[in-house]
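In this note's numbering, the protein residues as written are 73 to 191. Where is the CB? At the ideal position from N, CA and C, for every residue including glycine.
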Amino acid sequence: HSRREKERTYRGFNFFDSRDLSVLEAISKGEYMTFGIQGKQIRQHLPKITPSAMTRIFKRLKVHGLIEKIPGSYKYLITALGKEIIAAGLSIKNLILVPALRLDFPDAEILPFCVENHL
73 HSRREKERTY RGFNFFDSRD LSVLEAISKG EYMTFGIQGK QIRQHLPKIT PSAMTRIFKR
133 LKVHGLIEKI PGSYKYLITA LGKEIIAAGL SIKNLILVPA LRLDFPDAEI LPFCVENHL
């Protein structure tokens, strides 16, 4: 779901979009839960993301309430809401939606094409 802040709209996150999914999985790693995460740490997992793109991604995450900035630092912490939404979204996708799609598309090799292009 989109959010607005200061006359700007920030799109929501899609668990079937490979870029969004990669970011959500990266920020939800246990190693970042206690001490926070910086953009350069995410970019180690996702080398195609530029520093400017990472800034925009962090802004989207922040506007949606999934992360919060640690005052006086360059780090962000995932919020309680962020932990719940990411865990629930990944669970629903992996335990319910993807298996249901496999029933409709038994040839698993075409599944990524179908998911990315039709959802």
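Going by DSSP, I158 is part of the alpha helix (DSSP H) stretching over 152–164. In this structure the region 95–114 touches the region 131–148; the number of beta carbon pairs closer than 8 Å is three or more.
With a cut-off of 8 Å on Cβ pairs, the region 165–172 is not in contact with the region 113–121, counting fewer than three such pairs. Here the region 161–168 makes contact with the region 75–91; the two share three or more CB pairs at distances below 8 Å. Following the DSSP letters along the chain, one finds T81 inside the beta strand (DSSP E) bounded by residues 80–82. Using a 10 angstroms sphere on the CB of G154, the tally of other CB atoms reaches 16 or more, which defines it as buried. For Y104, the three-state secondary structure derived from DSSP is helix. When the five nearest sequence neighbours on each side are left out, the beta carbons in the same chain lying within less than 8 Å of the beta carbon of H73 are those of G84, in order along the chain.
In this structure, the CA atom of I157 is about 16 Å from the CA atom of Y104. Residue pairing by DSSP leaves L93 without any beta bridge partner.
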